[in-house]
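Worksheet for the structure shown next.
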Amino acid sequence: MITKPSHPIYNIHFGLVCLSSLLFSASFNMLIPELPDYLSSMGGAEYKGLIIALFTLTAGISRPFSGRLTDTLGRVPVMATGSIVCFICGFLYPVLGTVSGFLFLRLLHGFSTGFKPTATAAYVADIIPRERWGEALGIHGLCFSTGMAIGPAIGSSIKLYSSMNMLFYASSVFALLSILILMNMKETLKNKERFRFSILKISRKDIIAVEVLPAAIVTFLSYVAYGAILTLIPDWSEHMGIANKGLFFMVYTIASLVIRFVAGKASDKYGRIHVIKIGLVLLFISLFVIGYSESFTGLMLGSTIYGVATGILSPALNAWTVDMSHADHRGKAMATMYIALEAGIGLGALCAGWYYQDVIAKIPVIMYVTAGITVLALLYMLLRTKTELKTE
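Going by the working numbering, the sequence shown opens with residue 63, and the numbers climb by one from there.
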């Protein structure tokens, strides 16, 4: 008996899209640890919550457009647009050296993540067979997370040994490399259309893919914590005497990378819902540990558990979204999930920054509140499981 060989997902096209995502992720993440102090140096300490909130606001607003364009113009042009915006912003930060200019650029910079990840997820789903979506999206997420790991560490080192302007320029270089890789990628959308301004007309039905709302709800609730972490961890690390503010992000991302080797396959084998519930439990534990600990060891432990949790959740949520999506509207489905993600991050960052106001003692309280929001996501999943069992 001759068995049919499994689809080789590790081909040149998949490798290129993963490498492009790694460089793109490193490009904007290398700025994050140093932006709070940079904003404070310009007299904008009270706007720290807006560093992430404004970024995610425009990322969320652009998702319906990126989803529509991904399903009409093609995956590759939309991915390239995201990288180009990131490239331009790196050169504009040193020029617009005021608080208002900085906040404007955070709005503009958000468009980059509003476009590239949406098209990338659709591209991966196009070139990988359905039964291996979890594995493939897990590997792609691993590469994106590698960028998240090396980005903050590289960024803090550049700032430490050079200057903030050099850090901004380095961010542009990484984005440029991401664009150059995209030039060698083959388009996967079969029925492409030429650009016309009518494509940009978005109706209510173009914004949300109703069929993937369950995944979007869990994504929103689980990413509120990430917005708070991006806003507060640099100051929390400094409070504990950690010189490299990117260390927390590097540790949690390494932990995320390790677990992604098995998490994606696990969701293919055991089901998305079971894997997501495990990830949410670990997410709750990590947030409690981060808030409770006031030592280097405790913070790194919390970072590690957080990394494992996100490494489990991310590929499972992505694959669950693709599972429920319609093939002809995959871009819109991914955009819906990312709108929820950006909304969660933005809300978490905005509320954390508003309550924090540079009072270190408030950080544990914020972590405990985000842990409570994670419990809501877990309860939703448990309720959904119970409902599905009743209908069987």
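Note that beta-carbon positions come from the ideal geometry of N, C-alpha and C, so glycine has one too.
The structure presented is a predicted model; accordingly, all values stated were derived computationally and were not measured.
Item                                                                                                                   : Value
Residue closest to Asp99, alpha-carbon to alpha-carbon, out of Phe117, Tyr442, Ala381 and Ser225                       : Ser225
Candidates Ser89, Ser128, Ala215 and Ile261, of which the one nearest Ser234 by Cα                                     : Ser89
Cβ separation of Pro179 and Met92, assumed to be a contact under 8 angstroms, to the nearest whole Å                   : No, Pro179 and Met92 are not in contact; Cβ-Cβ is about 17 angstroms, not under 8 angstroms.
Assigned secondary structure, Met399 (DSSP; H/G/I helix, E/B strand, else coil)                                        : helix
Burial state of Tyr418, where buried means 16 or more other Cβ atoms lie within 10 Å                                   : buried
The region 360-369 touching the region 245-256, judged by at least three CB pairs closer than 8 angstroms              : no
Collapsed DSSP secondary structure at Thr118 in the structure displayed                                                : helix
Ala278 versus Met396 - alpha carbon distance                                                                           : 9 angstroms
Proximity of Ala290 and Thr432 at Cβ, strictly below 7 angstroms                                                       : yes
Check whether His171 and Cys80 have beta carbons under 7 angstroms apart                                               : no
Inter-residue Cα distance where the pair is Ala423 and Ile113                                                          : 21 angstroms
Sequence-distant residues of the same chain with beta carbon closer than 7 angstroms to Ile264, five excluded per side : Pro126, Phe127 and Arg130
Pair within 7 angstroms by beta-carbon distance, Gly326 and Gly408                                                     : no
Presumed contact (8 angstroms Cβ cut-off) between Gly144 and Ser174, rounded CB distance                               : 5 angstroms
The region 332-342 touching the region 216-231, judged by at least three CB pairs closer than 8 angstroms              : no
Residues near Met104 by beta carbon distance below 6 angstroms, same chain, minus five either side                     : Val161
C-beta contact flag for Ser124 and Gly176 at 7 angstroms                                                               : yes
Among Met386, Ala381, Phe310 and Thr398, the one whose alpha carbon lies nearest that of Ser36                         : Summary: the structure shown does not reach residue 36, with the chain confined to residues 63 through 454, and so no result is reported for it.
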